[in-house]
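Trainee:
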């Protein structure tokens, strides 16, 4: 799949090579985490600044999801919009093009980099699909297809091979990326009308929280 917007071919190839090179560095995840006081986080948020040169329109529709590549040398941004597109931007290249891909048919609700291999960008569309994108090869493979609407997902396993996906009709599904089966045989139903998002505990992965409506 090539970018849907017109871009310089040479610049796109260079972007792909950059993506591939920085993604070979494995990110070390902490085995423990010490939570600071909420006031310390609030103080840091109050000191954040936004410069005009760090603002750019990445996609045509309104942004519905965003993720930053974990590289320590480059700042690559992926953003999903309400039309199902995903836009990619290299923040370090001030005059760089934005590369747009029509990945989903409905709103792109989630974009997230694989925690163990950030070469892969996972995305969830409201139409009921989860895709795994390898930008270095311009491929977005469908790894899960649900019958109804999907709202969110999080990584259930440390390496990101297993996902926990939430459905609009208050169902949770376990998705294993290592299998060729695009459906899930492991489901759970919650006592609520709708589920909007799910988040897995980063250390105790048998725990998760969901946000919804009762």
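In my numbering, the protein residues as written are 75 to 288. Note that beta-carbon positions come from the ideal geometry of N, C-alpha and C, so glycine has one too.
1. So within the segment 223-279, which uninterrupted alpha helix (DSSP H) runs reach at least 4 residues, ignoring any that extend past its ends?
2. Over the uninterrupted beta strand (DSSP E) stretch that includes residue 198, give me the two end residues.
3. With DSSP collapsed to three states, give me the class of residue 146.
4. In angstroms with no decimal places, state the Cα-to-Cα distance between residue 91 and residue 172.
5. Since I believe residue 138 is in contact with residue 183 (beta carbons under 8 Å), could you give me their beta-carbon distance rounded to a whole number of angstroms?
6. Is the Cβ-Cβ distance between residue 161 and residue 178 less than 8 Å?
7. Can you tell me whether residue 182 is helix, strand or coil according to DSSP?
8. Please say whether residue 207 and residue 194 have beta carbons closer to each other than 8 Å?
9. Could you give the distance in angstroms between the alpha-carbon of residue 222 and the alpha-carbon of residue 241?
10. Of the residues 212, 225, 229, which one's Cα is nearest the Cα of residue 186?
11. What residue does the alpha helix (DSSP H) around residue 209 start on, and which one ends it?
12. In whole angstroms, what separates the C-alpha of residue 213 from that of residue 272?
13. Quick check: what's the CA-CA separation for residue 180 versus residue 205?
14. On the criterion of 16 or more Cβ atoms from any shown chain inside 10 Å, does residue 251 qualify as buried, or is it exposed?
15. In the DSSP assignment, the alpha helix (DSSP H) including residue 117 goes from what residue to what residue?
16. Using the three-state DSSP reduction, which class does residue 96 fall into: helix, strand or coil?
17. Following the continuous beta strand (DSSP E) through residue 174, name the residue where it begins and the one where it ends.
Mentor: The answer reads as follows:
1. Those alpha helix (DSSP H) runs which fall completely within the segment 223-279 and span 4+ residues do not exist here.
2. For this step, residue 198 is matched to residue 124 along the chain shown. DSSP places residue 198 inside the beta strand (DSSP E), whose first and last residues are 194-199.
3. In the chain shown, residue 146 corresponds to position 72, counting from 1. Annotated three-state conformation of residue 146 is coil, per DSSP.
4. On the chain shown, residue 91 is found 17 positions in, with the first residue counted as 1. On the chain shown, residue 172 is found 98 positions in, with the first residue counted as 1. Rounded to whole angstroms, residue 91 to residue 172 spans 16 Å at the Cα level.
5. As a position in the chain shown, residue 183 is number 109, starting the count at 1. As a position in the chain shown, residue 138 is number 64, starting the count at 1. About 6 Å separates the CB atoms of residue 183 and residue 138; that is less than 8 Å, so the two are in contact.
6. By one-based count along the chain shown, residue 161 stands at place 87. By one-based count along the chain shown, residue 178 stands at place 104. With contacts defined by Cβ atoms closer than 8 Å, residue 161 and residue 178 do not form a contacting pair.
7. Against the chain shown, residue 182 aligns to sequence position 108. The answer is strand: DSSP assigns residue 182 an E or B state.
8. What you label residue 194 is simply residue 120 of the chain shown in a count that begins at 1. What you label residue 207 is simply residue 133 of the chain shown in a count that begins at 1. The answer is yes: Cβ separation under 8 Å.
9. What you label residue 222 is simply residue 148 of the chain shown in a count that begins at 1. What you label residue 241 is simply residue 167 of the chain shown in a count that begins at 1. Using only the alpha carbons, I get a separation of about 7 Å.
10. If you number the chain shown from 1, residue 186 lands on position 112. When each option's Cα is compared against that of residue 186, the closest is 229.
11. Mapped onto the chain shown, residue 209 falls at position 135. In this chain, residue 209 is not harboured by any alpha helix (DSSP H), its DSSP state being neither H nor E.
12. Numbered from 1 along the chain shown, position 139 holds the residue referred to as residue 213. Numbered from 1 along the chain shown, position 198 holds the residue referred to as residue 272. Looking at the backbone, the Cα of residue 213 and that of residue 272 are separated by about 26 Å.
13. Residue numbering aside, residue 180 sits at position 106 when the chain shown is read from its first letter. Residue numbering aside, residue 205 sits at position 131 when the chain shown is read from its first letter. Their backbone Cα atoms lie some 13 Å apart in a straight line.
14. Here residue 251 is taken as the residue at index 177 of the chain shown, counted from 1. Buried is the call here.
15. Here residue 117 refers to the residue found at position 43 when the chain shown is read from its first residue. Segment 112-120, the alpha helix (DSSP H) holding residue 117.
16. Position 22 of the chain shown, counted from the start, is the residue given in the question as residue 96. Residue state, collapsed to three classes: helix.
17. On the chain shown, position 100 is the one that residue 174 refers to. From DSSP, the beta strand (DSSP E) with residue 174 extends over 173-176.
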